[in-house]
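Number of protein chains: 2
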Amino acid sequence: MKLEIAARQLEALGNPTRLRVYRALVRAGADGLPVGRLQARIGIAASTLSHHLKRLVEAGLVTRERQATTLLCRAHYPTMNALIGFLADECCADAGCARDGEDSAA
Amino acid sequence: MKLEIAARQLEALGNPTRLRVYRALVRAGADGLPVGRLQARIGIAASTLSHHLKRLVEAGLVTRERQATTLLCRAHYPTMNALIGFLADECCADAGCARDGEDSAA
DNA sequence: CGCATATTTCGATTCATGTCGAAATAAACT
DNA sequence: AGTTTATTTCGACATGAATCGAAATATGCG
C-alpha cells in the first residue's frame, strides 16, 4: 500500500497554492515559517491557508510546532526524500531507465 | 510559471488509479502498453481509464501512439526527470538539504 | 461495404476540493 | 479576568474529479 501513500503526498503537492506554500517552507529552511508569515507571503485567506497546511501536515510533508504565540511550520525533508525515492524507483528517474519487463506479472 | 506546470504533473500523479497506470507504463518500459492491456491489468472501466490516460497525456507524463488497431501508451521519461528535478531543486531533495536561509528574502 | 475490435466521447451521478468570511479557540500580556 | 494577536474550525458555495454504462468513432479484415 505504499503507492497509496505516495499518491497522497503527490496529491498534496499537486495544487499550485499548496506547492507554493511548501516551496516557501523549503526556502525558509530549518528555521521554518510561522503561519502568519506564510499567509502574508502567499496572499490567501488565513482559513484557506490553514486548510492547505493541514493537508500538507497530514501527508507528512510539513510539521507544525507551537512557538509561543505563533505556529511554526517546517518542511519535513525525509518525507520528500522518500517521495522522490519512490518516483525514482517505482516510476523511473535516471535518464536510461528503459528496463523492459521486470516484475510486471502479465 | 514553472510551478504551475509542476503542480499539474504532481496532481496527475496524485491519484492512486493514475499512479498505478503510470507505474504500469514505466514497468512496461520502452515497449509501452496498449490501452486494453492497461485496462485488464488495472481493472477499471475503459472509459475511466481513458479519462485518466488523457490527464496523464495532458500533463506530458505519457504519450499515446496509434499502432494499427490499438493505442500504444508509453511513459514519457523526460517529463518525470524534469519533475524530479523540480522537486529536488525547488523543494529540496538530498539528505542534507538543511540549507537555512538561502534566497528566502525574509 | 459491413463486421469486429479497440478506444474515446457523452451524459449522468456522486463525492471531494478550493475558497471565503465569520465565529471559536489558544496563548500571552496587562 | 479581559484584551489583543494568532490560528483553526465551521458553514456555505461553486467548481471540478472520479466513476460508470451506453453510444459514437476509428482501424483493419473479409
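Protein sequences appear in the order of chains A and B. What the first sequence shows, in the UniProt record's numbering, is residues 1 to 106, in sequence order. What the second sequence shows, in the UniProt record's numbering, is residues 1 to 106, in sequence order. Note that the Cβ used here is the ideal one computed from N, Cα and C, for glycine as well. In this text, all values refer to a predicted model and were calculated from it rather than measured experimentally.
Range of the contiguous beta strand (DSSP E) that encloses residue i
| i | result |
| --- | --- |
| B:A75 | 70-75 |
Within 9 Å, strictly: CB atoms of residue i and residue j
| i | j | result |
| --- | --- | --- |
| residue 108 of chain A | B:E11 | Given a span of 1 to 106 for chain A in the structure shown, any question on residue 108 of chain A remains unanswerable. |
| A:L72 | A:P16 | no |
| A:L53 | A:A6 | no |
| B:R20 | B:I42 | yes |
| B:E90 | A:R64 | no |
| B:G29 | B:T70 | no |
| A:G14 | B:G85 | no |
Residue span of the alpha helix (DSSP H) that contains residue i, given as start and end
| i | result |
| --- | --- |
| B:I5 | 2-13 |
| B:G36 | 35-42 |
| A:L19 | 16-28 |
| A:L53 | 46-58 |
Proximal residues to residue i (C-beta, below 7 Å), its chain only, five neighbours per side dropped
| i | result |
| --- | --- |
| A:T79 | Q9, G60, L61 |
| B:L56 | A12, R18, V21, Y22, V62 |
| B:V26 | A75 |
| B:L3 | none |
Neighbouring residues, chain A, relative to residue i (Cβ below 7 Å)
| i | result |
| --- | --- |
| B:R20 | L3 |
Own chain residues within Cβ distance below 6 Å of residue i, not counting five before or after
| i | result |
| --- | --- |
| B:A105 | At B:A105 the pLDDT is 29, less than 50, meaning the model places this residue with poor confidence and gives no usable figure here. |
| B:A46 | Q39 |
| B:G32 | L72, C73, R74 |
Chain B contact residues for residue i, given Cβ-Cβ distances below 8 Å
| i | result |
| --- | --- |
| A:I44 | Going along chain B, no residue has its Cβ under 8 Å from A:I44, so there is no contact; the nearest lies around 15 Å. |
| A:L49 | By Cβ distance, chain B contributes nothing, its closest Cβ being about 16 Å from A:L49, past 8 Å. |
Any non-hydrogen atom of the ligand PLP closer than 8 Å to residue i Cβ
| i | result |
| --- | --- |
| B:L19 | Ligands displayed in this structure: none; no statement on the ligand PLP is therefore possible. |
Neighbouring residues, chain A, relative to residue i (Cβ below 9 Å)
| i | result |
| --- | --- |
| B:A7 | L13, G14, N15, P16, T17, R18, L19, R20 |
Contacts around residue i, its chain only, beta-carbon distance under 8 Å, and the 5 residues preceding and following it disregarded
| i | result |
| --- | --- |
| A:G101 | Its pLDDT being 31, under 50, A:G101 is placed unreliably by the model, and the measurement read from it follows with that caveat. So the list is empty, once near-sequence residues are dropped. |
Chain B contact residues for residue i, given Cβ-Cβ distances below 9 Å
| i | result |
| --- | --- |
| A:L87 | L13, M80, L83, I84, L87 |
Interface residues of chain A facing residue i [CB-CB closer than 8 Å]
| i | result |
| --- | --- |
| B:Q53 | The question names Gln, but residue 53 of chain B is Leu in the sequence shown. Near B:L53 there are no residues of chain A at all, since even the closest Cβ is about 16 Å away, more than 8 Å. |
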